[in-house]
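In the working numbering, the protein residues as written are 2 to 449.
Note that beta-carbon positions come from the ideal geometry of N, C-alpha and C, so glycine has one too.
Working notes for the structure below.
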Amino acid sequence: MSRIDNSETKDTIHILHLSYDNDDRSALTILANDVRFQVIADPKDLQRSSDKTFYYEYLDKVYGLRDAEQREYDAAHKKELKSSSKKRNKSEDRDSAVDVTADEDGSDQDQDSLSAEHDLRKWLLTSMTGVIAEYAPAERAPEPPSLHDWYHGPTYFYSLGVKSGELIPEELEESDELNARIEKLSPRMKMPQYIQKIDVPWINANDMTVQSEVDFPEPAHPGKVTGKDGKVYFFKPVVNGEPGPIKREISILQKIEDLGLDIKVPRLVGFVAFENSETEAMGFLLSHIEEPMPLTKMLKSSVPEEKRDKWSKKSKEYVDTLHKHDIIWGDAKADNFMVDKHDDLWIIDFGGSYTEGWVDPALSDTLEGDEQGLQKVQEALQNPDEDDVPHRSSSRRSSTPNPSTTVHETASSLFVTEAPGRKRSHAEDVDEGVEENSSKRRRGELED
Numbered sequence: 002m003s004r005i006d007n008s009e010t011k012d013t014i015h016i017l018h019l020s021y022d023n024d025d026r027s028a029l030t031i032l033a034n035d036v037r038f039q040v041i042a043d044p045k046d047l048q049r050s051s052d053k054t055f056y057y058e059y060l061d062k063v064y065g066l067r068d069a070e071q072r073e074y075d076a077a078h079k080k081e082l083k084s085s086s087k088k089r090n091k092s093e094d095r096d097s098a099v100d101v102t103a104d105e106d107g108s109d110q111d112q113d114s115l116s117a118e119h120d121l122r123k124w125l126l127t128s129m130t131g132v133i134a135e136y137a138p139a140e141r142a143p144e145p146p147s148l149h150d151w152y153h154g155p156t157y158f159y160s161l162g163v164k165s166g167e168l169i170p171e172e173l174e175e176s177d178e179l180n181a182r183i184e185k186l187s188p189r190m191k192m193p194q195y196i197q198k199i200d201v202p203w204i205n206a207n208d209m210t211v212q213s214e215v216d217f218p219e220p221a222h223p224g225k226v227t228g229k230d231g232k233v234y235f236f237k238p239v240v241n242g243e244p245g246p247i248k249r250e251i252s253i254l255q256k257i258e259d260l261g262l263d264i265k266v267p268r269l270v271g272f273v274a275f276e277n278s279e280t281e282a283m284g285f286l287l288s289h290i291e292e293p294m295p296l297t298k299m300l301k302s303s304v305p306e307e308k309r310d311k312w313s314k315k316s317k318e319y320v321d322t323l324h325k326h327d328i329i330w331g332d333a334k335a336d337n338f339m340v341d342k343h344d345d346l347w348i349i350d351f352g353g354s355y356t357e358g359w360v361d362p363a364l365s366d367t368l369e370g371d372e373q374g375l376q377k378v379q380e381a382l383q384n385p386d387e388d389d390v391p392h393r394s395s396s397r398r399s400s401t402p403n404p405s406t407t408v409h410e411t412a413s414s415l416f417v418t419e420a421p422g423r424k425r426s427h428a429e430d431v432d433e434g435v436e437e438n439s440s441k442r443r444r445g446e447l448e449d
C-alpha cells in the first residue's frame, strides 16, 4: 500500500514515487505528515565505507526487485503470445485466474515484485525516522493546502551514506536539478480539442483545497477536494505521458451524460490547471460519491443477501445499458463498482484494459470481456465465501513494459484511470473504502 502508519510515532507516510536506474541508484519520494522528502541511494556512496554491510544489503534489495520484474515481464510476455494464439484460433480454453508471477505448474516460489518493492522502500525509509521526527512531527497541524501547493510544497532532499557503522541520511542543498525532479512528478496533459470543447469549467489549482489524500493505488495524491463555494469533489490527476486511458474515460463519461443514461456514475464537472490554462490540465473533477466502498469489500456472507442480490441486479442493468449504447466498459471487475453510504451501486473507471482473474487478456476492451467480468462479479455476490472468487489484482493498460529499459518508476493514479503498466496478481488491501485499482510501473527519467 502507499500509506504506512507507525503506531508508535503516529506518523503517516505516503509513498509518492520510487525509481531506480541501471546504475542501481534509487530515489524514494514520500509525504510524511504533510512534509515532502526525497531520499536518494547510490551504491557508490555506500561502498565507500569499510563496512560493506549496508552496501550489500542495498544491492540485495535492488537486485531482488529487478529480478522479480524480469521474471514477471517474461511470464507476461509469454502469456500474451499464448493469449494471441488462442484468440486467433478462437479457443474456448481460457484460464484468466493464472498468476503470471508463477510457472505454469505453480511451483515458482521466487519473490514477486510487489514484495520486493516493499522491501526496498522499507530499507530506504528506515534511515529517515529521525529526520521525519525533526522536520515533520506527527502533532503538526498545517492548514489544508491548495491543489497547487500540494504538488509544489517544499521538499527536503537526502542522500544515504555510512558513518560509524550506521546508515545516515545527509541533507542535500536544494538545487534546480533536484527541484526539476520533483516538478516532473506533477501531473500535466495537453487536452485534445474535442475534450477542450466539453462544456465544463476550467479551474485554477490554487482555487481548490485538498481535504484528504488517496493512498491506493500508488502514488498517494489528493482525492477529496473543495472549491471556493465549499462544494466537495473527487479529484483525479492525469498521468504524464499516458493520455489514452484519460481520454477514453473522459469521452465515455461525457457520452453517458449526453445520453442521459440511467446509471449511477461520477459526473465530469470540471478540469483543473496549474495556471489559467484551458488547454493543459493537471487533472479533472468528478462528482463526489458519499462514503464510497469498493464492492470487493462487500463480497462476504455477513453482508445481507438482499443487498447482494440488489447489487447483482444493478450491475447487470448498468453493463447492459452501456452495451445498448455501444459503450464498452473495459476492466470489468468488482473493484470498479462502488457502494455509497445509502447502499446504492455506482460504476466507475472507464479507462479500459483488463484485470487478471476477472477478464481474459484476449477479451480486453470487448463486449465479451465486459460480460465475462460481470458474470464473475455476480457469481462472487451470490457465493461470496467461495475460494474461486478472483483475487484482487492490477489492471493492464497496454503492453507489459520491459524492465531492461534505462529507468524504472512506480506511479499510478486513483479511483480510476491508470497508465499502461504491468499487471500484478498479488492480493492487496484497500484503504478507507477507496477503490483498489492496480499499482503499476511507468518509465521516465531518474535524472535529466
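Nearest-angstrom Cα separation, counted from residue j out to residue i
i, j, result
"residue 204", "residue 282", "9 angstroms"
"residue 142", "residue 154", "15 angstroms"
"residue 311", "residue 212", "32 angstroms"
"residue 158", "residue 300", "43 angstroms"
"residue 406", "residue 111", "Its pLDDT being 48, under 50, residue 406 is placed unreliably by the model, and nothing is read from it."
"residue 69", "residue 24", "17 angstroms"
"residue 21", "residue 387", "40 angstroms"
"residue 224", "residue 152", "13 angstroms"
"residue 83", "residue 363", "10 angstroms"
"residue 66", "residue 129", "21 angstroms"
"residue 262", "residue 242", "31 angstroms"
"residue 19", "residue 197", "32 angstroms"
"residue 43", "residue 264", "51 angstroms"
"residue 39", "residue 29", "6 angstroms"
"residue 215", "residue 176", "29 angstroms"
"residue 139", "residue 368", "49 angstroms"
"residue 201", "residue 279", "11 angstroms"
"residue 260", "residue 371", "20 angstroms"
"residue 166", "residue 297", "47 angstroms"
"residue 50", "residue 162", "8 angstroms"
"residue 228", "residue 199", "20 angstroms"
"residue 275", "residue 221", "19 angstroms"
"residue 210", "residue 194", "28 angstroms"
"residue 464", "residue 226", "There is no way to answer for residue 464, as the model of the chain reaches only from 2 to 449."
"residue 295", "residue 164", "47 angstroms"
"residue 185", "residue 383", "46 angstroms"
"residue 73", "residue 57", "24 angstroms"
Those residues which DSSP pairs with residue i across a bridge
i, result
"residue 172", "159"
"residue 203", "272"
"residue 28", "20 and 41"
"residue 233", "227"
"residue 285", "237 and 272"
"residue 164", "167"
"residue 33", "14 and 36"
"residue 294", "340"
Cβ shell of residue i (< 6 angstroms), same chain only, five flanking positions each side left out
i, result
"residue 427", "Low confidence applies to residue 427: its pLDDT is 30, below 50, so where it sits in the model is not reliable, and the reading given next is rough at best. Same-chain partners within the cutoff: 113 and 115."
"residue 132", "170"
"residue 32", "15 and 17"
"residue 323", "330"
"residue 94", "For residue 94, the predicted model reports a pLDDT of 47, less than 50, meaning its position is unreliable; a value from the coordinates is still stated below. Here the set comprises nothing."
"residue 123", "none"
"residue 137", "33, 34 and 36"
"residue 208", "229"
Interface flag, residue i vs chain D, CB-CB below 8 angstroms
i, result
"residue 199", "No chain D is present in this structure, which holds just one protein chain."
Beta-carbon gap between residue i and residue j smaller than 8 angstroms
i, j, result
"residue 333", "residue 360", "yes"
"residue 64", "residue 47", "no"
"residue 238", "residue 271", "no"
"residue 292", "residue 342", "yes"
"residue 187", "residue 234", "no"
"residue 121", "residue 62", "yes"
"residue 328", "residue 256", "yes"
"residue 156", "residue 37", "yes"
"residue 266", "residue 236", "no"
"residue 190", "residue 244", "yes"
"residue 55", "residue 168", "yes"
"residue 344", "residue 308", "yes"
"residue 304", "residue 375", "no"
Nonlocal neighbours in the same chain, by C-beta distance under 7 angstroms from residue i, ignoring five residues either side
i, result
"residue 365", "354 and 355"
"residue 302", "385 and 386"
"residue 351", "249, 250, 253, 254, 330 and 331"
Neighbourhood of residue i by C-beta distance below 8 angstroms, restricted to the same chain and skipping five residues each side
i, result
"residue 160", "40, 41, 42, 43, 46, 170, 171 and 173"
"residue 268", "254, 258, 287 and 288"
"residue 373", "97, 333, 359, 360, 361 and 364"
"residue 52", "163 and 166"
Should the region 338–346 be regarded as contacting the region 311–325, the criterion being three or more beta carbon pairs within less than 8 angstroms? They touch, by the three-pair rule.
Three or more C-beta pairs under 8 angstroms: does that hold for the region 173–183 against the region 233–251? The region 173–183 and the region 233–251 do not touch, with fewer than 3 CB-CB distances between them shorter than 8 angstroms.
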